[in-house]
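Here the structure is laid out as structure tokens; the discussion comes afterwards.
In the working numbering, the protein residues as written are 144 to 298.
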């Protein structure tokens with residue numbers, strides 16, 4: 144049983160870190176399958192309680208980033224987590240930042256900007272401050288994130 148689980152977990156972590164070009168197309172197909180299933184079921188009570196797949200992916204990415212941010216990962220991955228953002232001046236943008244904001248990656252290529260850390264860092268910085276628990280608590284962070292209904296569009 145463990146032999147079957149390990150390769151799957153390894154593949155999932157690789158896919159999470161650097162998604163192949165066809166991955167976005169595959170995800171849009173899965174979204175359309177979910178939408179069709181909702182229409183076929185026709186039960187408003189059931190379908191209204193379902194979150195979109197893109198929303199659930201973003202929540203799971205943020206939960207994974209939360210673990211990485213707090214050092215609950217290997218040293219190799221921990222070295223990839225962007226450092227905390229420390230504003231040098233008081234600007235409108237720096238005043239709106241929460242204490243857990245991270246520095247954003249600066250790169251010119253779209254491919255790099257769509258990988259896990261740059262993409263999730265942008266999303267992480269849009270979260271409101273009340274989402275973050277005072278101590279490390281992944282379950283509370285996830286429930287707060289889902290309740291906050293962060294912006295669906297990335298900046």
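Glycine included, C-beta positions come from ideal geometry on N, C-alpha and C.
Residue 229 and residue 275 have their C-alpha atoms spaced approximately 18 Å apart. Of the other Cβ atoms in all chains shown, 16 or more fall within 10 Å of the Cβ of residue 270; this residue is therefore buried. An exposed status is given to residue 226, since fewer than 16 other beta-carbon atoms sit within 10 Å of its beta-carbon. Rounded to whole angstroms, the separation of the alpha carbons of residue 200 and residue 182 is 21 Å. In this structure, residue 247 keeps its C-beta atom at 8 Å or more from the C-beta atom of residue 205. With distances taken between CA atoms, residue 213 lies nearest to 244 out of 244, 240, 186. In this chain, the alpha helix (DSSP H) harbouring residue 268 covers 259-268. From the listed residues 253, 207, 172, the smallest Cα separation to residue 263 is found for 207. When DSSP states are grouped into helix, strand and coil, residue 227 belongs to the strand group. For the pair residue 284 and residue 209, the CB atoms are nearer than the 8 Å cut-off. Between residue 193 and residue 173, the C-beta gap is not smaller than 8 Å, which leaves the two residues out of contact. Taking 8 Å as the cut-off, the beta carbon of residue 255 is found no closer than this to the beta carbon of residue 223.
Bounds of the alpha helix (DSSP H) holding residue 209 are 196-212.
Using a 10 angstroms sphere on the CB of residue 268, the tally of other CB atoms reaches 16 or more, which defines it as buried. In the DSSP assignment, residue 244 falls outside any alpha helix (DSSP H), carrying neither H nor E.
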